[in-house]
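Working notes, structure below.
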Amino acid sequence: MSKKNYLFANWKMYLKLSESKDLAEKLAKRFKKMPVETEMAVFPSAFSFQAVKKELKGSDILLGAQNAYWLDKGGYTGEVSVFDYREEDATYCLVGHSERRHQFGETDEDVAKKMEAVLESGLTPVLCVGETLRQKDSGQTKEIVAAQLESALSDLKIEKNQKIIIAYEPVWAIGTGKTCDVSVAQETAAFIKEVCENISGNGDISVLYGGSVKGDNALSFADLPDIDGLLVGGSSAKMETWEEIFKAVCTI
Ligand code: PGA
1432 MSKKNYLFAN WKMYLKLSES KDLAEKLAKR FKKMPVETEM AVFPSAFSFQ
1482 AVKKELKGSD ILLGAQNAYW LDKGGYTGEV SVFDYREEDA TYCLVGHSER
1532 RHQFGETDED VAKKMEAVLE SGLTPVLCVG ETLRQKDSGQ TKEIVAAQLE
1582 SALSDLKIEK NQKIIIAYEP VWAIGTGKTC DVSVAQETAA FIKEVCENIS
1632 GNGDISVLYG GSVKGDNALS FADLPDIDGL LVGGSSAKME TWEEIFKAVC
1682 TI
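Residue numbers for the sequence shown follow the working numbering, so the first one is 1432 and each next one is one higher.
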């Protein structure tokens, strides 16, 4: 059986509303039918989420949230509830992206609360983990990744019908044009699966690689035995570069 191939497009804050609609319209035409083993999801900004959803209707492309708050309602100025994303048919929610952790001060505690709420809402969490350059240079990658997994998952009850996805995204590789060594990506992905299984006893864990993925390096990551797909930022926000990635890893 061929392994699953997730292609996740994190549009971050790269696109205005009109640009998001435009790209979604093109994607819906181009990727109306996906190969069975491939699952494409787009993560638009909160502001353009509903407009993108409208454009993607009728295609196989799924939707995800870039970030969400763990409570349903209340006095939380500027936040968007994960339960609202559920109502708007999101399938996935990114949790603990390094830009949230490092630029917006999201703590391990916040990440753990988000993981719980995302599962409760019925969405599948995509938990992002990864080391900084300094941590990599001091040989701490596994230690850091294990600690992030431990704090996000140890109090989580994952039911048999629930799934979680982990995105291994070295912080120093995000948006920098630098990528992780493929052998390190494979070793870390295998390690992540082992740690997750030990913590949660759940075997249904997929691992994605993220960090400066482009058309010319996508296959070298997607082909690794323990990598089940890609989480792409910059190169996912333009039709041409996204198409290059798709063509590199898919056969239609
Ligand atoms: P990048 O971002 O592809 O632009 O490096 C990846 C991510 O942040 O998910």
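Where is the CB? At the ideal position from N, CA and C, for every residue including glycine.
Quick caveat, the model's predicted, so the values are computed rather than measured.
**Request:** Express the C-alpha separation of Phe1474 and Phe1652 in angstroms, rounding to a whole number.
**Result:** 21 angstroms
**Item:** Buried/exposed call for Val1467, threshold 16 Cβ in 10 Å
**Value:** exposed
**Request:** Apply the 10 Å Cβ neighbour rule to Ile1508 and answer buried if 16 or more other Cβ atoms are within range, or exposed otherwise.
**Result:** Looking at the sequence provided, one finds Thr at residue 1508 rather than Ile. Looking at its Cβ environment, which holds fewer than 16 other Cβ atoms inside 10 Å, Thr1508 is exposed.
**Prompt:** Nearest to Lys1457 by CA position, among Val1680, Ala1668, Ala1679, is which residue?
**Reply:** Ala1668
**Asked** With DSSP run on the structure shown, which of helix, strand or coil describes Met1465?
**Response** coil
**Request:** Compute every distance between the C-beta of Ser1585 and the non-hydrogen atoms of the ligand PGA, then say whether any falls below 7 angstroms.
**Result:** no
**Asked** Nearest CA to the CA of Ala1583: which residue from Gly1632, Thr1572, Glu1540?
**Response** Glu1540
**Message:** Less than 7 angstroms separating the Cβ of His1528 from some heavy atom of the ligand PGA?
**Reply:** yes
**Prompt:** Can you tell me whether DSSP reads Asn1441 as helix, strand or coil?
**Reply:** strand
**Asked** Do the segment 1473-1488 and the segment 1439-1456 meet, that is, are 3 or more Cβ pairs less than 8 angstroms apart?
**Response** yes
**Message:** Let me check you understand the geometry: is the CB of Ile1676 closer than 7 angstroms to at least one non-hydrogen atom of the ligand PGA?
**Reply:** no
**Prompt:** Given that a residue counts as buried once 16 or more other Cβ atoms are within 10 Å of its Cβ, and exposed if not, what is Asn1436?
**Reply:** buried
**Item:** Where the alpha helix (DSSP H) containing Tyr1516 begins and where it ends
**Value:** 1513-1518
**Item:** Under 8 angstroms between C-beta atoms of Lys1594 and Thr1555
**Value:** yes
**Asked** Helix, strand or coil for Asn1629 per DSSP?
**Response** helix
**Asked** Where does Met1432 fall in DSSP's three states?
**Response** Low confidence applies here, because Met1432 scores a pLDDT of 43, under 50, leaving its location unreliable; read the following figure in that light. The answer is coil: DSSP assigns Met1432 none of H, G, I, E or B.
**Asked** Quick one: what's Tyr1523 bridged to in DSSP?
**Response** Gly1495, Thr1555
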